[in-house]
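K.L.:
2 protein chains.
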Amino acid sequence: MLASMSEFDLIARYFTRPVMRAALGVGDDCALLRTAEGMQLAVSSDMLVEGRHFFADVDPSRLGHKALAVNLSDLAACGAQPLAFTLALALPRADEAWLAAFSRGLFALADVHGCELVGGDTTQGPLNICITVFGELPKGQALLRSGTRAGDDVYVSGTLGDARLALEALRGRITLPAGWMAAARLRLEQPTPRVALGLALRGIATAAIDISDGLLGDLGHLLQASAVGARIDTSLAIDLLAGSPDFERAEGLLHHEARLGCVLAGGDDYELAFTAPVSARTAVQAAALEARTPVTRIGHIESAPGLRLVDAAGQPVSGQFASFDHFA
Amino acid sequence: MLASMSEFDLIARYFTRPVMRAALGVGDDCALLRTAEGMQLAVSSDMLVEGRHFFADVDPSRLGHKALAVNLSDLAACGAQPLAFTLALALPRADEAWLAAFSRGLFALADVHGCELVGGDTTQGPLNICITVFGELPKGQALLRSGTRAGDDVYVSGTLGDARLALEALRGRITLPAGWMAAARLRLEQPTPRVALGLALRGIATAAIDISDGLLGDLGHLLQASAVGARIDTSLAIDLLAGSPDFERAEGLLHHEARLGCVLAGGDDYELAFTAPVSARTAVQAAALEARTPVTRIGHIESAPGLRLVDAAGQPVSGQFASFDHFA
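Top to bottom, those sequences are chains A and B.
Residue numbers for the first sequence, in numbering that gives the first Met the number 0: 0 to 327.
Residue numbers for the second sequence, in numbering that gives the first Met the number 0: 0 to 327.
#1: Below 7 Å between beta carbons is the criterion; list the residues of the stretch 32-46 of chain A that meet it against any residue of chain B, in chain order.
#2: Please report whether the beta-carbon of GLN123/A lies at a distance below 7 Å from any beta-carbon of chain B.
#3: Out of GLU49/A, SER211/A, LYS138/A, LEU222/A, which one is the CA nearest neighbour of GLY202/A?
#4: Going by C-alpha to C-alpha distance, which of SER211/B, ASP212/B, SER43/B sits closest to GLU135/B?
#5: Taking the alpha-carbon of SER329/B as reference, which of GLY63/B, LEU187/B, THR147/B, ALA30/B has the nearest alpha-carbon?
#6: If you draw a straight line from the alpha carbon of ARG172/B to that of GLY124/A, how long is it in whole angstroms?
#7: Quick one: which residues of the stretch 137-159 of chain A get their C-beta closer than 7 Å to a C-beta of chain B? List them in chain order.
#8: Determine whether the beta carbon atoms of LEU143/A and ASP232/B lie at a separation below 7 Å.
#9: Is LEU222/A near GLY216/A, with beta carbons less than 7 Å apart?
#10: What's the C-alpha gap between LEU86/A and MET46/A?
#11: Should the stretch 117-133 of chain B be regarded as contacting the stretch 106-126 of chain A, the criterion being three or more beta carbon pairs within less than 8 Å?
#12: Can you pull out the residues from the stretch 60-81 of chain A whose beta carbon lies closer than 7 Å to at least one beta carbon of chain B?
#13: According to DSSP, which residues form a beta bridge with ASP45/A?
#14: In this structure, how does DSSP classify GLY260/B when only helix, strand and coil are distinguished?
#15: In chain B, what lies closer than 7 Å to THR85/A by C-beta?
#16: Please name the residues in the stretch 218-232 of chain B whose beta-carbon is closer than 9 Å to at least one beta-carbon of chain A, in chain order.
#17: What number of angstroms, rounded off, separates the C-alpha of ALA162/A from the C-alpha of GLY37/A?
#18: With a 10 Å radius around its C-beta and 16 neighbouring C-beta atoms as the bar for buried, classify SER302/A as buried or exposed.
#19: Quick check on SER317/A: buried or exposed, where buried means 16 or more other Cβ atoms within 10 Å of its Cβ?
#20: Using only the alpha-carbon positions, how far apart do THR34/B and LEU82/A sit?
#21: Looking at the unbroken alpha helix (DSSP H) that takes in THR85/B, where does it start and where does it end?
#22: Using DSSP with H/G/I as helix, E/B as strand and the rest coil, what is LEU71/B?
#23: When the distance is taken between beta carbons, is ALA286/A closer than 7 Å to GLY197/A?
#24: Please list, in chain order, all residues of the same chain as ALA183/A whose beta carbon is under 8 Å from its beta carbon, the five residues on each side excluded.
#25: Find the nearest neighbour of ALA236/A within the set THR147/A, ASP58/A, HIS112/A, VAL153/A, judged by alpha-carbon distance.
#26: If I'm right that ALA264/A touches LEU200/A with Cβ under 8 Å, what's the distance once you round it to whole angstroms?
#27: Taking C-alpha atoms, which residue in PRO190/B, ARG296/B, ARG258/B, THR292/B lies nearest to PRO276/B?
#28: Rounding to the nearest angstrom, what Cα-Cα distance links GLY118/B and PHE133/B in this structure?
#29: Taking just the CA atoms, how far does GLU289/B sit from ALA66/A?
#30: Which value, in whole angstroms, describes the spacing of the CA atoms of GLN314/A and SER234/A?
#31: With a threshold of 7 Å between beta-carbons, can VAL48/B be considered close to chain A, or not?
#32: Give the residues from the stretch 281-312 of chain B that approach chain A closer than 9 Å (Cβ to any Cβ), ordered along the chain.
#33: State the start and end residues of the unbroken beta strand (DSSP E) segment that holds VAL153/B.
#34: Restricting to runs no shorter than 4 residues, where is the alpha helix (DSSP H) found entirely within the stretch 268-320 of chain B?
#35: Against chain A, with Cβ distances strictly below 7 Å, would CYS29/B count as a contact?
#36: Hey, out of SER145/B, ARG307/B, ASP267/B, ILE300/B, whose CA is closest to SER72/B's CA?
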């Protein structure tokens, strides 16, 4: 780092704010967290690496947002209320403009959710952002991956596929109209964690997971944890999970399978996939309304393991839609 | 990563073990942590970067140990009982021998402290290890940096300086006798977090900090947080904080100021610096005995801000002993 700013100056300038709910915040050896009676803590860590999870020239304000958003998305998938987070940051150098923008984006999202930075670490090294987030929820009420049963409906929140389209465009593999590209890029670089929906689904959803690596892959983890399978109607997926309002126009830009691939296995969506009993359909829609987050029913759970993709007529859909794996 | 092992395989093979105390461990969107009635959670994050915190060719088993040890050291400084940790790991490639050794060293130390891996993240990228550790302690009993008062004694646990000597030897700047080098290198690469001492000092010490960047720098943070100063007897430091049994022989290898520099500002020691009232001297020694960790009294707290180094006769000691700053 530049000799002009020590690690301590950097933390003081960009990452120290008044303590809110935590008993003790940034600046001691540990942060101390309170949890209320009858509550438990949900904890998740995500690490973002330059070149792997974001491009070197990404807007640092959006990166600050995304680094926290991907962690809040894990809390959402558990139905936990965000409480606090730690930030560990490796930086090649102390670029003050970068730090100012990064911390601005980070705290803007943190403030939306009342989620407090309580500690962390900064060091010199290849750009790496590791956030550990803490949420609170009543004991025994967490949405897990393992609670779904045969017959349950399968839902997805919001829209899927735009983030992948933006990624492919940034890689120069496709070209999107400017307005659509701007919207898709916002989805990629500044995703919206579905925290309110996760909270509203407590007691309604039987299982949930956030979609970070692609719908099929992440839904597959949920099915595996619950030891069941699912039948997904791709006509609902392609039509109702369409990303931006312009998505339909993609027919002119992308062939059907590429569009379906973006929806089913695009990755970086940070929507929730969840299941609920048929008897809870009204409750699910009420939760979606309360959370101001659209949800779409795309299929149902079956006893037989595996994921079966079918068209509107119930016929099997072929095609390889591999989930995005950071180590693929 | 090698195509032969996905992120999920890697986690399953090297980082998944049966759940112990956490309500839910590795494998869902979040880990869920229980805290008992009347307890609070202490949280700390540390990030280790290749080339900055360790050499590329370090024994991966020792690195696994150290990555957790530096975090447990923060819990020790707060007087917290280790409970659980998350691990986020960026790896250039999936080297199975490396992973096997790393996880072996990591879990060996975790098991000593009953500290459970509850979640995390793995990704491809320049080698980076980020651990967030959770400890438990009764509400209001944390050892803070801010509680010391004028007149309190200043103590340091164990020994200081060997880690820096090993670092300088590995950098080729000095040469140490082989036996001493092996011992010093162990201190650098496999430090012992003073968890038992931190627990034993609850209710006795008025303030504590762990020594990661060097005694003077870290003690300086404690003094600043408590708005006081200190007088440190360097004759006690040089004589009683001597690292390995061979340290005395360093007189023939290193001049006095270099030895003092290693002790006062070497860094990577992971000992505790703490303060306690004069009336608690017997209690401090009893705590040290209980924790089987030697402690040495090296000075006392004064109202006037600043750190004053004096010799055995009380005369000021000159010399620049800058603390190791990861961004210096």
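Don't be surprised by glycine CBs; every beta carbon is placed ideally from N, CA and C.
P.N.:
Answer, in terms of the structure:
#1: LEU32, ARG33, THR34, GLN39, LEU40, ALA41, VAL42, SER43, SER44, ASP45, MET46
#2: One-based indexing of the first sequence puts residue 123/A at position 124. Answer yes: the Cβ-Cβ gap between GLN123/A and chain B drops below 7 Å somewhere.
#3: If you number the first sequence from 1, residue 202/A lands on position 203. Ranking the options by Cα distance to GLY202/A, first place goes to LYS138/A.
#4: Here residue 135/B refers to the residue found at position 136 when the second sequence is read from its first residue. That would be SER43/B, whose Cα lies nearest to the Cα of GLU135/B.
#5: Residue 329/B falls outside the range modelled here, since chain B spans only 0 to 327, and no answer is possible.
#6: Sequence index remark: in the second sequence, residue 172/B carries index 173 (1-based). Sequence index remark: in the first sequence, residue 124/A carries index 125 (1-based). Cα to Cα, the separation comes out at about 23 Å.
#7: Those would be ALA141, LEU143, ARG144, in chain order.
#8: Walking along the first sequence from the start, residue 143/A turns up at place 144. Walking along the second sequence from the start, residue 232/B turns up at place 233. The answer is no: Cβ separation not under 7 Å.
#9: Start at 1 with the first residue of the first sequence, and residue 222/A comes out as number 223. Start at 1 with the first residue of the first sequence, and residue 216/A comes out as number 217. The beta carbons of LEU222/A and GLY216/A sit no closer together than 7 Å.
#10: Against the first sequence, residue 86/A aligns to sequence position 87. Against the first sequence, residue 46/A aligns to sequence position 47. C-alpha separation (whole angstroms): 10 Å.
#11: yes
#12: ASP73, LEU74, ALA76, CYS77, ALA79
#13: Along the first sequence, read from residue 1 onward, the residue named residue 45/A stands at position 46. DSSP output for ASP45/A lists ILE130/A as bridge partner(s).
#14: Here residue 260/B corresponds to residue number 261 of the second sequence, with the count starting at 1. Here GLY260/B sits in helix by DSSP.
#15: Within the first sequence, numbered from 1, the residue matching residue 85/A stands at position 86. What THR85/A touches in chain B: VAL42, SER44, THR131.
#16: HIS220, ALA224
#17: Locating residue 162/A in the first sequence gives position 163, counting from the first residue. Locating residue 37/A in the first sequence gives position 38, counting from the first residue. So the two alpha carbons sit approximately 38 Å from each other.
#18: Looking up residue 302/A in the first sequence gives position 303. The residue in question, SER302/A, is exposed, as its Cβ has fewer than 16 Cβ neighbours within 10 Å.
#19: Position 318 of the first sequence, counted from the first residue, corresponds to residue 317/A. With fewer than 16 Cβ atoms within 10 Å of its Cβ, SER317/A is classed as exposed.
#20: Position 35 of the second sequence holds residue 34/B. Position 83 of the first sequence holds residue 82/A. THR34/B and LEU82/A: Cα-Cα distance of roughly 15 Å.
#21: Numbered from its first residue, the second sequence carries residue 85/B at position 86. Where THR85/B is concerned, there is no enclosing alpha helix (DSSP H), although the beta strand (DSSP E) it sits in stretches over 80-90.
#22: Locating residue 71/B in the second sequence gives position 72, counting from the first residue. Looking at LEU71/B - three-state DSSP - the assignment turns out to be helix.
#23: Residue 197/A sits at position 198 when you count from the first residue of the first sequence. Residue 286/A sits at position 287 when you count from the first residue of the first sequence. Not closer than 7 Å, so no.
#24: By 1-based counting over the first sequence, the position of residue 183/A is 184. Excluding positions up to five away in sequence, the list reads ASP161, ALA162, LEU164, ALA165, ALA168, LEU175, GLY242, SER243.
#25: Looking up residue 236/A in the first sequence gives position 237. That would be VAL153/A, whose Cα lies nearest to the Cα of ALA236/A.
#26: In the first sequence, the residue the question calls residue 264/A occupies position 265. In the first sequence, the residue the question calls residue 200/A occupies position 201. Actually they do not touch by this definition, with Cβ atoms about 24 Å apart.
#27: Translated into positions along the second sequence, residue 276/B becomes position 277. Nearest C-alpha to PRO276/B: ARG296/B.
#28: For this step, residue 118/B is matched to residue 119 along the second sequence. For this step, residue 133/B is matched to residue 134 along the second sequence. Near 12 Å, if we compare the C-alpha coordinates of PHE133/B and GLY118/B.
#29: Along the first sequence, read from residue 1 onward, the residue named residue 66/A stands at position 67. Along the second sequence, read from residue 1 onward, the residue named residue 289/B stands at position 290. Straight-line Cα distance between these residues: approximately 43 Å.
#30: Taking the first sequence and counting its residues from 1, the one referred to as residue 314/A is at position 315. Taking the first sequence and counting its residues from 1, the one referred to as residue 234/A is at position 235. Cα to Cα, GLN314/A sits roughly 11 Å from SER234/A.
#31: In the second sequence, the residue the question calls residue 48/B occupies position 49. At least one chain A Cβ lies under 7 Å of VAL48/B.
#32: none
#33: For the purposes of this step, residue 153/B is identified with residue 154 of the second sequence, where counting begins at 1. Taken as a continuous stretch (DSSP letters only), the beta strand (DSSP E) holding VAL153/B covers 152-156.
#34: 280-289
#35: The residue given as residue 29/B occupies position 30 in the second sequence. Yes, CYS29/B lies at the interface with chain A (some Cβ there is under 7 Å from its Cβ).
#36: Numbered from its first residue, the second sequence carries residue 72/B at position 73. It is ASP267/B whose Cα lies nearest to the Cα of SER72/B.
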